[in-house]
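Same order as they appear, the protein sequences are chains A and B.
The numbering of the first sequence is the working numbering, which starts it at 35 and goes up by one.
The numbering of the second sequence is the working numbering, which starts it at 23 and goes up by one.
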Amino acid sequence: MEVVRLRVNGDERKCGVPAHYTLLETLRYGLGLTGSKQGCDKGDCGACTVIVDGRAVLSCITPVWEAERKDVRTVEGLADGTEPHPVQDEFDLNGAAQCGFCTPGILCSSVALLDRNPSPTREEIRTALAGNLCRCTGYAKIYDAVEAAAARLGE
Amino acid sequence: MLRLPPFRYHRPRTVEAAVSLLHEHGTDAMPIAGGTDLMPNMKHRLFTPAHIVSLNGISAMRGIEVTSDRGTTGGGNASSGDRASGGVSSDTTLRIGALETLADISANPLVRRHCNGLATAAGLVAGPQLRNMGTIGGNVCLDTRCTYYNQTEFWRSALGYCLKKDGDVCHVTKVGRKCVAAHSADTPPNLIALGATFTLTGPTGTREIAASDFFITDGIWNTRRDSDEILTEIRIPLMGPASNGRESRVDGARIARSGRGPGPNGRRLRRRSAYRKLRQRNSIDFPLLSVAVAGDFAEDGTVVEIRGVVSALGARPRVLAGWDEIAAGERLGNELIGALAERARAQCRPLDNIIVDSDWRRAMVPVYVRRALGDLTGG
């Protein structure tokens with residue numbers, strides 16, 4: 035075991051992990067942050083997507099040491115206290131989540147997009163979410179929700 | 023759940039320290055940059071190195087800049103050193119540090135202006151998260167892929183191992199003497215078409231190798247990089263104003279010899295490049311077929327030199343032969359594009375190394391070559 039120091043959702047966290055742990059394993063099994071999902075666990079599905087230094091990355095294939103001294107944001111850190119992030123709120127209002135397994139990853143990809151590009155086109159939303167697989171929704175309501183959130187954030 | 027095998031994680035700050043670690047631990051060590059290829063492969067137990075050497079702390083391996091000084095290294099950014107719109111000396115190159123991510127390369131204004139095919143290719147690799155993580159150095163050194171090899175340990179152990187990993191037979195071709203895993207990276211065909219060179223640093227020093235010489239026809243290990251060498255940077259020669267009849271920096275000598283090159287001194291060539299990729303889904307997937315083209319055009323729009331590279335069909339990208347002899351001095355119209363595409367089809371035979379029908383992939387060769395060449399004409 036070695037001690038890794040992470041800044042997760044604004045909190046400085048310390049955690050003892052084996053040297054070969056991924057960022058996802060550290061979040062889920064070291065810090066108890068089980069919002070980020072372990073889906074394919076090999077970089078295909080996007081369920082483990084988190085935001086590191088403003089960019090959406092796959093935590094299941096990120097060695098935990100590469101996240102040290104960086105700003106890690108997970109689905110647990112999107113809301114402002116009890117107030118959901120506008121993207122989360124619009125997912126609810128638009129029915130953009132069904133089984134919900136892909137949702138944390140898609141929320142992170144969406145927030146990373148809107149932080150960089152506050153008024154994306156539909157095509158830009160589709161491209162930004164092209165690394166997140168959803169087997170329930172068919173994506174249309176997800177794109178609707180991100181568009182609605184962008185409009186709300188722009189007000 | 024796919025666990026990684028145990029390893030020690032090293033984080034050197036210099037190329038020399040990283041090389042020293044790789045050399046010290048030999049085949050028990052591997053370098054990592056973005057990790058998007060290595061980590062899944064390790065989860066599949068295709069590699070189980072006891073030491074992982076992270077290159078991400080090496081600042082000298084970052085930066086994208088136009089340089090005319092061979093000694094320039096590191097620290098550059100997208101706008102610094104861009105003198106391409108003014109006078110450019112004959113040894114002007116676009117330098118890309120191997121640690122630059124595919125997302126940054128696809129969006130970089132210098133890459134987009136000078137090497138549009140490369141920017142396009144970088145933007146079509148995998149999906150957005152993987153482009154945020156994956157580096158161009160890693161893409162160049164990507165392991166070859168095959169329908170049998172890229173499976174979990176559990177899956178492979180059921181039928182028995184293969185030539186590329188722990189076995190002595192190829193389960194894909196059945197005849198079994200040669201590994202048919204395919205080169206599957208998007209950026210190398212473009213780097214070859216653009217005449218790039220790779221800088222490799224190993225325990226005995228630094229060497230440069232042409233992108234066109236870097237890959238070999240061996241699915242098991244398809245590059246000339248030794249396991250204790252690190253690809254540190256990529257240099258792409260840029261077109262400058264002609265001064266001596268050898269304007270094209272890529273194989274300029276051949277143009278001069280052919281007699282079809284630009285005649286009078288001082289004429290300016292214009293280079294355009296493009297990339298097309300065949301895959302099942304428009305995201306995440308590796309290419310089933312990839313086509314990179316780069317052409318140098320005279321002021322009157324005629325072709326001075328044109329290069330095509332096709333990949334994902336075998337262990338190394340294939341440089342298409344016989345293009346200049348029909349293209350030089352001609353305009354790139356529909357007739358010429360059709361003739362070049364037919365030459366491409368005649369030279370390309372996809373191996374049966376992935377699950378998609380190889381006859382269909384072959385039929386797509388002229389289609390994708392036509393589309394890529396069409397991109398060069400802007401239509």
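Think of the CB as a built atom: it goes at the ideal place given N, C-alpha and C, for glycine as much as any other residue.
The beta-carbon distance between residue 27(B) and residue 64(B), rounded to whole angstroms, is 6 Å. This is short enough to meet the 8 Å contact definition.
Using beta-carbon distances, residue 310(B) does not count as an interface residue toward chain A, since no partner is under 8 Å. A residue is called buried once 16 or more other Cβ atoms fall within 10 Å of its Cβ, and residue 228(B), having fewer, is exposed.
A direct Cα-Cα distance of roughly 18 Å separates residue 377(B) from residue 185(B).
Within its own chain, the residues whose Cβ lies closer than 6 Å to the Cβ of residue 119(A), once the five positions on either side in sequence are excluded, are 112 and 113, listed in chain order. DSSP places residue 236(B) in the uninterrupted alpha helix (DSSP H) bounded by 233 to 236. Residue state for residue 297(B) is assigned as strand, using DSSP reduced to three classes. For residue 155(B), the chain A residues whose C-beta falls within less than 8 Å of its own C-beta are 91, 92, 95 and 96, listed in chain order. Residue environment for residue 66(A): exposed (fewer than 16 other C-beta atoms within 10 angstroms of its C-beta). Residues of chain B with a Cβ closer than 7 Å to the Cβ of residue 76(A) are, in chain order, 24, 62 and 65. In terms of beta-carbon proximity, residue 83(A) lines the interface with chain B, with at least one pair separated by less than 8 Å.
When rounded, the separation of the alpha-carbon atoms in residue 152(B) and residue 306(B) is 8 Å. Using a Cβ-Cβ distance cut-off of 8 Å, the region 250 to 259 of chain B and the region 112 to 120 of chain B are in contact, since at least three pairs of beta carbons, one from each stretch, lie closer than that value. Beta-bridge analysis with DSSP links residue 92(A) to 83(A). Cβ atoms of residue 345(B) and residue 365(B) come within 8 Å of each other, at about 7 Å. Rounded to whole angstroms, the gap between the alpha carbons of residue 62(B) and residue 349(B) is 43 Å. Taking the CA atoms as reference points, residue 67(B) sits about 23 Å from residue 195(B). Residue 85(B) and residue 37(B) have their C-alpha atoms spaced approximately 15 Å apart.
As far as DSSP is concerned, residue 350(B) takes part in no beta bridge. Contact of residue 151(B) with chain A is assigned, a C-beta pair being separated by under 8 Å. By the neighbour-count criterion, in which a residue is buried when 16 or more other Cβ atoms sit within 10 angstroms of its Cβ, residue 125(A) is buried. In this structure, the CA atom of residue 138(A) is about 24 Å from the CA atom of residue 123(B).
At a cut-off of 8 Å between beta carbons, residue 171(B) makes no contact with chain A. Residue contact check for residue 183(A) against chain B: no CB pair falls below 8 Å.
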